[in-house]
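Written out below as C-alpha coordinates is the structure these notes cover.
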Amino acid sequence: PLTISLILIVQGKTVNDKGQKLPQKGEVELLCGGPPCQGFSGMNRFNSRQYSLFKNSLIVSYLSYCDYYRPRFFILENVRNFVSFKKSMVLKLTLRCLVKMGYQCAMGVLQSGCYGIPQTRRRTIILAAAPGEVLPSFPQHTHVFNPRSCQLTFMVDDNKYQCYDSANSAPLRTITVRDALSDLPEICNGHQVADMPFEGDSLSHFQRKMRGPEDQQVLRDHICKDMASIVKARIASIPTSSGSDWRDLPNVVVRLSDGSYTNKL
45 PLTISLILIV QGKTVNDKGQ KLPQKGEVEL LCGGPPCQGF SGMNRFNSRQ YSLFKNSLIV
105 SYLSYCDYYR PRFFILENVR NFVSFKKSMV LKLTLRCLVK MGYQCAMGVL QSGCYGIPQT
165 RRRTIILAAA PGEVLPSFPQ HTHVFNPRSC QLTFMVDDNK YQCYDSANSA PLRTITVRDA
225 LSDLPEICNG HQVADMPFEG DSLSHFQRKM RGPEDQQVLR DHICKDMASI VKARIASIPT
285 SSGSDWRDLP NVVVRLSDGS YTNKL
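Going by this note's numbering, the letters in the sequence shown line up with residues 45 to 309, in that order.
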(Lines of atoms letter the chains of each structure in order from A and count residues from 1; the text may use other names and numbers.)
(Lines give C-alpha, C1' and ligand atoms only; values in the text may rest on other atoms or scores of the structure.)
Protein backbone atom coordinates (compact mmCIF):
# COMPACT_ATOMS: atom_id res chain seq x y z
CA PRO A 1 0.00 0.00 0.00
CA LEU A 2 2.82 2.45 0.79
CA THR A 3 4.47 1.77 -2.58
CA ILE A 4 1.14 2.32 -4.36
CA SER A 5 0.72 5.60 -2.50
CA LEU A 6 4.21 6.75 -3.52
CA ILE A 7 3.50 5.92 -7.18
CA LEU A 8 0.33 8.03 -7.04
CA ILE A 9 2.24 10.89 -5.43
CA VAL A 10 4.99 10.79 -8.06
CA GLN A 11 2.24 10.89 -10.70
CA GLY A 12 1.02 14.14 -9.16
CA LYS A 13 -2.09 12.73 -7.47
CA THR A 14 -3.23 14.31 -4.19
CA VAL A 15 -5.78 11.69 -3.11
CA ASN A 16 -6.00 7.89 -3.46
CA ASP A 17 -8.90 5.89 -4.90
CA LYS A 18 -10.68 6.08 -1.51
CA GLY A 19 -10.55 9.87 -1.46
CA GLN A 20 -7.91 9.93 1.29
CA LYS A 21 -5.39 12.77 1.15
CA LEU A 22 -1.86 11.73 0.20
CA PRO A 23 1.12 13.39 1.92
CA GLN A 24 3.09 15.68 -0.35
CA LYS A 25 6.65 16.94 -0.28
CA GLY A 26 7.22 19.21 2.70
CA GLU A 27 4.08 18.02 4.52
CA VAL A 28 5.61 15.14 6.50
CA GLU A 29 6.47 15.82 10.14
CA LEU A 30 8.04 12.46 10.99
CA LEU A 31 9.22 9.48 8.97
CA CYS A 32 9.66 6.50 11.28
CA GLY A 33 10.49 2.99 10.13
CA GLY A 34 12.50 -0.19 10.53
CA PRO A 35 13.72 -1.67 7.25
CA PRO A 36 13.82 -5.50 7.34
CA CYS A 37 16.48 -6.63 9.79
CA GLN A 38 16.92 -10.32 8.96
CA GLY A 39 19.97 -9.73 6.79
CA PHE A 40 21.74 -7.79 9.54
CA SER A 41 20.85 -10.09 12.43
CA GLY A 42 23.67 -12.03 14.02
CA MET A 43 21.20 -14.90 14.52
CA ASN A 44 20.76 -15.29 10.75
CA ARG A 45 23.19 -17.96 9.51
CA PHE A 46 22.22 -17.27 5.90
CA ASN A 47 22.69 -13.50 5.75
CA SER A 48 24.84 -13.77 2.60
CA ARG A 49 22.10 -15.38 0.53
CA GLN A 50 20.36 -13.44 -2.20
CA TYR A 51 17.11 -13.02 -0.26
CA SER A 52 18.93 -11.49 2.73
CA LEU A 53 20.93 -9.20 0.45
CA PHE A 54 17.69 -7.99 -1.12
CA LYS A 55 16.22 -7.31 2.33
CA ASN A 56 19.34 -5.33 3.24
CA SER A 57 18.97 -3.17 0.14
CA LEU A 58 15.64 -1.87 1.46
CA ILE A 59 17.67 0.46 3.70
CA VAL A 60 18.31 2.45 0.52
CA SER A 61 14.60 2.40 -0.34
CA TYR A 62 13.77 3.79 3.09
CA LEU A 63 16.37 6.54 2.72
CA SER A 64 14.87 7.40 -0.67
CA TYR A 65 11.54 8.11 1.08
CA CYS A 66 13.39 10.53 3.33
CA ASP A 67 15.06 12.15 0.34
CA TYR A 68 11.71 12.56 -1.43
CA TYR A 69 9.58 13.79 1.49
CA ARG A 70 12.28 15.66 3.46
CA PRO A 71 10.43 15.24 6.78
CA ARG A 72 11.22 17.45 9.75
CA PHE A 73 12.31 14.38 11.74
CA PHE A 74 13.48 10.91 10.80
CA ILE A 75 13.86 7.68 12.81
CA LEU A 76 15.46 4.44 11.68
CA GLU A 77 15.30 1.31 13.87
CA ASN A 78 17.20 -1.92 13.32
CA VAL A 79 18.91 -4.77 15.16
CA ARG A 80 21.97 -4.25 17.36
CA ASN A 81 24.23 -5.85 14.74
CA PHE A 82 23.38 -3.08 12.26
CA VAL A 83 26.17 -0.95 13.75
CA SER A 84 28.87 -3.56 13.10
CA PHE A 85 27.58 -5.33 9.97
CA LYS A 86 30.25 -5.44 7.23
CA LYS A 87 32.66 -3.49 9.47
CA SER A 88 30.04 -0.74 9.97
CA MET A 89 29.88 -0.03 6.22
CA VAL A 90 26.06 0.07 6.07
CA LEU A 91 25.90 2.31 9.14
CA LYS A 92 28.42 4.74 7.66
CA LEU A 93 26.61 4.89 4.32
CA THR A 94 23.28 5.52 6.08
CA LEU A 95 24.68 8.39 8.13
CA ARG A 96 26.52 9.80 5.13
CA CYS A 97 23.29 9.84 3.08
CA LEU A 98 21.40 11.66 5.83
CA VAL A 99 24.17 14.22 6.34
CA LYS A 100 24.37 14.76 2.57
CA MET A 101 20.63 15.60 2.65
CA GLY A 102 21.40 18.21 5.30
CA TYR A 103 20.14 16.32 8.32
CA GLN A 104 21.64 16.43 11.79
CA CYS A 105 22.11 12.88 13.08
CA ALA A 106 22.48 10.99 16.34
CA MET A 107 22.66 7.26 16.85
CA GLY A 108 22.76 4.84 19.71
CA VAL A 109 21.93 1.35 20.91
CA LEU A 110 18.93 1.23 23.27
CA GLN A 111 17.56 -1.56 25.46
CA SER A 112 13.77 -1.93 25.27
CA GLY A 113 13.65 -3.36 28.79
CA CYS A 114 14.80 0.02 30.11
CA TYR A 115 11.54 1.52 28.83
CA GLY A 116 9.03 -0.87 30.36
CA ILE A 117 9.06 -3.73 27.85
CA PRO A 118 9.06 -7.19 29.52
CA GLN A 119 11.93 -8.59 27.49
CA THR A 120 15.55 -7.90 26.61
CA ARG A 121 15.83 -6.43 23.13
CA ARG A 122 18.69 -4.17 22.08
CA ARG A 123 18.09 -2.03 19.03
CA THR A 124 20.06 0.44 16.94
CA ILE A 125 18.27 3.79 16.66
CA ILE A 126 19.22 6.63 14.31
CA LEU A 127 17.60 10.01 14.91
CA ALA A 128 17.78 12.80 12.36
CA ALA A 129 16.45 16.36 12.28
CA ALA A 130 16.13 18.69 9.29
CA PRO A 131 18.07 21.96 9.14
CA GLY A 132 16.62 24.48 11.60
CA GLU A 133 15.09 21.81 13.82
CA VAL A 134 16.39 20.78 17.24
CA LEU A 135 17.85 17.29 17.17
CA PRO A 136 16.07 15.30 19.93
CA SER A 137 18.01 13.57 22.69
CA PHE A 138 17.56 9.89 23.37
CA PRO A 139 15.05 9.27 26.18
CA GLN A 140 16.38 8.53 29.64
CA HIS A 141 15.68 5.12 31.13
CA THR A 142 12.28 4.81 32.79
CA HIS A 143 12.76 1.30 34.24
CA VAL A 144 15.66 -0.47 35.90
CA PHE A 145 16.87 -3.54 34.05
CA ASN A 146 19.40 -6.34 34.29
CA PRO A 147 22.85 -4.69 33.98
CA ARG A 148 24.17 -7.63 31.95
CA SER A 149 21.61 -6.81 29.25
CA CYS A 150 22.46 -3.10 29.28
CA GLN A 151 25.90 -3.22 27.69
CA LEU A 152 24.99 -0.61 25.07
CA THR A 153 28.40 0.55 23.87
CA PHE A 154 29.45 -0.21 20.30
CA MET A 155 32.61 0.00 18.24
CA VAL A 156 33.13 1.77 14.91
CA ASP A 157 36.67 1.82 13.48
CA ASP A 158 38.22 0.97 16.86
CA ASN A 159 36.33 3.83 18.54
CA LYS A 160 33.85 3.09 21.30
CA TYR A 161 30.52 4.94 21.42
CA GLN A 162 27.41 5.09 23.57
CA CYS A 163 24.44 7.41 23.33
CA TYR A 164 24.48 8.39 27.01
CA ASP A 165 26.10 7.48 30.29
CA SER A 166 24.81 4.19 31.67
CA ALA A 167 22.34 4.78 34.48
CA ASN A 168 22.37 2.63 37.60
CA SER A 169 18.83 3.61 38.57
CA ALA A 170 15.49 4.61 37.09
CA PRO A 171 12.11 5.72 38.46
CA LEU A 172 10.35 2.37 37.94
CA ARG A 173 11.17 -1.28 38.54
CA THR A 174 11.68 -3.92 35.85
CA ILE A 175 8.55 -5.17 34.06
CA THR A 176 8.69 -8.96 34.17
CA VAL A 177 7.15 -11.64 31.99
CA ARG A 178 4.86 -12.44 34.94
CA ASP A 179 3.66 -8.82 34.97
CA ALA A 180 2.76 -9.15 31.30
CA LEU A 181 1.40 -12.68 30.96
CA SER A 182 0.07 -13.94 34.29
CA ASP A 183 -3.54 -13.00 33.48
CA LEU A 184 -3.60 -14.98 30.22
CA PRO A 185 -5.58 -18.24 30.29
CA GLU A 186 -3.85 -21.53 29.54
CA ILE A 187 -4.35 -22.74 25.98
CA CYS A 188 -3.49 -25.97 24.19
CA ASN A 189 -1.12 -26.62 21.33
CA GLY A 190 -2.61 -25.34 18.06
CA HIS A 191 -5.23 -23.10 19.73
CA GLN A 192 -6.53 -20.72 17.03
CA VAL A 193 -9.51 -18.86 18.59
CA ALA A 194 -8.90 -15.20 17.74
CA ASP A 195 -11.24 -13.67 20.39
CA MET A 196 -11.95 -15.06 23.84
CA PRO A 197 -13.01 -13.57 27.19
CA PHE A 198 -10.61 -12.78 30.00
CA GLU A 199 -11.34 -15.14 32.85
CA GLY A 200 -10.15 -12.93 35.69
CA ASP A 201 -9.06 -9.48 36.77
CA SER A 202 -5.81 -7.87 35.72
CA LEU A 203 -3.08 -8.62 38.24
CA SER A 204 -0.54 -5.88 37.55
CA HIS A 205 -0.34 -2.26 36.47
CA PHE A 206 1.10 -3.37 33.12
CA GLN A 207 -1.89 -5.65 32.50
CA ARG A 208 -4.36 -2.93 33.42
CA LYS A 209 -2.61 -0.59 31.00
CA MET A 210 -2.72 -3.19 28.22
CA ARG A 211 -6.46 -3.79 28.75
CA GLY A 212 -7.12 -0.08 28.34
CA PRO A 213 -8.95 2.57 30.36
CA GLU A 214 -12.25 0.66 30.17
CA ASP A 215 -10.69 -2.60 31.41
CA GLN A 216 -11.42 -4.44 28.18
CA GLN A 217 -12.62 -8.00 28.85
CA VAL A 218 -12.00 -9.41 25.36
CA LEU A 219 -8.68 -11.15 24.81
CA ARG A 220 -7.55 -11.05 21.19
CA ASP A 221 -4.94 -13.05 19.28
CA HIS A 222 -4.05 -15.35 22.19
CA ILE A 223 -3.22 -18.19 19.82
CA CYS A 224 -0.60 -20.88 19.40
CA LYS A 225 0.71 -22.47 16.22
CA ASP A 226 0.56 -26.24 15.99
CA MET A 227 4.04 -27.13 17.22
CA ALA A 228 5.87 -30.31 16.31
CA SER A 229 6.79 -32.78 19.03
CA ILE A 230 10.45 -31.78 18.96
CA VAL A 231 9.54 -28.10 19.51
CA LYS A 232 7.28 -28.98 22.45
CA ALA A 233 10.09 -31.05 23.96
CA ARG A 234 12.54 -28.18 23.65
CA ILE A 235 10.15 -25.73 25.30
CA ALA A 236 9.38 -28.15 28.14
CA SER A 237 13.12 -28.71 28.74
CA ILE A 238 14.08 -25.06 29.21
CA PRO A 239 14.68 -24.46 32.94
CA THR A 240 12.20 -22.18 34.70
CA SER A 241 14.87 -20.32 36.66
CA SER A 242 15.37 -16.61 35.97
CA GLY A 243 17.29 -15.80 32.81
CA SER A 244 17.03 -19.26 31.22
CA ASP A 245 16.60 -19.66 27.47
CA TRP A 246 17.38 -22.09 24.62
CA ARG A 247 21.07 -22.01 25.50
CA ASP A 248 20.22 -23.84 28.75
CA LEU A 249 18.69 -26.88 27.03
CA PRO A 250 20.08 -30.11 28.58
CA ASN A 251 22.38 -32.16 26.38
CA VAL A 252 20.23 -35.27 26.65
CA VAL A 253 18.08 -37.56 24.52
CA VAL A 254 14.33 -36.96 25.02
CA ARG A 255 11.38 -39.26 24.32
CA LEU A 256 8.74 -37.36 22.33
CA SER A 257 4.96 -37.54 22.65
CA ASP A 258 4.76 -39.62 19.47
CA GLY A 259 7.05 -42.28 20.99
CA SER A 260 10.17 -41.43 18.99
CA TYR A 261 13.46 -40.23 20.48
CA THR A 262 15.39 -37.07 19.69
CA ASN A 263 19.07 -36.60 19.15
CA LYS A 264 20.66 -34.75 22.04
CA LEU A 265 18.89 -31.38 22.38
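We put the CB at the ideal spot given by N, CA and C, even for glycine.
Buried versus exposed call for glycine 256 [16 or more other C-beta atoms within 10 Å across all chains shown] = Here the question's residue 256 lines up with position 212 in the sequence shown. It is exposed - the Cβ of glycine 256 has fewer than 16 other Cβ atoms within 10 Å.
Sorted by chain position, which residues of the same chain lie with C-beta nearer than 7 Å to serine 49's C-beta, five sequence neighbours on each side aside?
-> Position 5 of the sequence shown, counting from 1, holds the residue named residue 49. Closer than 7 Å at the Cβ level, and outside the excluded window around serine 49, lie Asn60, Leu66.
For phenylalanine 98, I'd like the list of residues in its chain whose CB is within less than 7 Å of its CB, leaving aside the five on either flank, ordered along the chain.
-> For the purposes of this step, residue 98 is taken as the residue at position 54 of the sequence shown. With a pLDDT of 48 at phenylalanine 98, under the threshold of 50, the predicted position of this residue should be treated as unreliable, and no value is reported.
May I ask you to verify whether the segment 285-303 touches the segment 243-262, counting CB pairs closer than 8 Å and requiring at least 3?
-> no
By the 10 Å Cβ neighbour count, where 16 or more other Cβ atoms means buried, how is histidine 185 classified, buried or exposed?
-> Here residue 185 corresponds to residue number 141 of the sequence shown, with the count starting at 1. Histidine 185 should be labelled buried.
Under 8 Å between C-beta atoms of arginine 166 and leucine 196 = Position 122 of the sequence shown, counted from the start, is the residue given in the question as residue 166. Position 152 of the sequence shown, counted from the start, is the residue given in the question as residue 196. Result yes, Cβ atoms of arginine 166 and leucine 196 sit closer than 8 Å.
Looking at the unbroken alpha helix (DSSP H) that takes in leucine 137, where does it start and where does it end?
-> Along the sequence shown, read from residue 1 onward, the residue named residue 137 stands at position 93. From DSSP, the alpha helix (DSSP H) with leucine 137 extends over 133-144.
So, using beta-carbon positions, are serine 156 and glutamine 148 closer together than 8 Å?
-> For the purposes of this step, residue 156 is taken as the residue at position 112 of the sequence shown. For the purposes of this step, residue 148 is taken as the residue at position 104 of the sequence shown. In this structure, glutamine 148 does not lie closer than 8 Å to serine 156 by Cβ.
Where does cysteine 149 sit, in a helix, a strand or coil, going by DSSP?
-> Position 105 of the sequence shown, counted from the start, is the residue given in the question as residue 149. Reduced to three states, the DSSP call for cysteine 149 is strand.
Taking Cβ positions, are proline 191 and asparagine 122 nearer each other than 8 Å?
-> Position 147 of the sequence shown holds residue 191. Position 78 of the sequence shown holds residue 122. No, Cβ-Cβ distance for proline 191 and asparagine 122 is not below 8 Å.
Tell me which same chain residues have a C-beta within less than 6 Å of the C-beta of cysteine 110, skipping the five on either side of it?
-> Counted from its first residue, the sequence shown places residue 110 at position 66. Excluding residues within five positions, the ones whose Cβ falls inside 6 Å are Leu75, Phe118.
Comparing alpha-carbon positions, which option in Leu137, Arg222, Gly152 lies nearest methionine 145?
-> Stepping through the sequence shown from its first residue, residue 145 is reached at position 101. Cα-wise, what sits closest to methionine 145 is Leu137.
Kindly confirm or deny that the segment 263-279 and the segment 234-247 touch, where touching means at least three C-beta pairs closer than 8 Å.
-> yes
Assign glycine 160 to buried or exposed, taking buried as 16 or more other Cβ atoms, counted over all protein chains shown, within 10 Å of its Cβ.
-> On the sequence shown, residue 160 is found 116 positions in, with the first residue counted as 1. Under this definition glycine 160 is a buried residue.
Enumerate in chain order the residues of its own chain whose CB-to-CB distance from methionine 271 is below 7 Å, with the five nearest sequence positions on each side excluded.
-> Here residue 271 corresponds to residue number 227 of the sequence shown, with the count starting at 1. Cβ within range, chain order: Asn233.
My guess is that aspartate 223 and phenylalanine 242 are in contact by the Cβ rule of under 8 Å, so how many angstroms apart are they, rounded?
-> Taking the sequence shown and counting its residues from 1, one reaches residue 223 at position 179. Taking the sequence shown and counting its residues from 1, one reaches residue 242 at position 198. With a Cβ gap of about 16 Å, aspartate 223 and phenylalanine 242 do not count as contacting.
Three-state secondary structure (DSSP) at valine 298?
-> By one-based count along the sequence shown, residue 298 stands at place 254. Coil at valine 298, not helix or strand.
Could you check the C-alpha separation between lysine 57 and serine 105 for me, to the nearest Å?
-> Within the sequence shown, the letter at position 13 stands for residue 57. Within the sequence shown, the letter at position 61 stands for residue 105. For lysine 57 and serine 105, the distance between alpha carbons rounds to 21 Å.
Check each candidate in Leu263, Pro229, Leu247, Val221 and name the one with the smallest Cα separation from serine 286.
-> Here residue 286 corresponds to residue number 242 of the sequence shown, with the count starting at 1. It is Val221.
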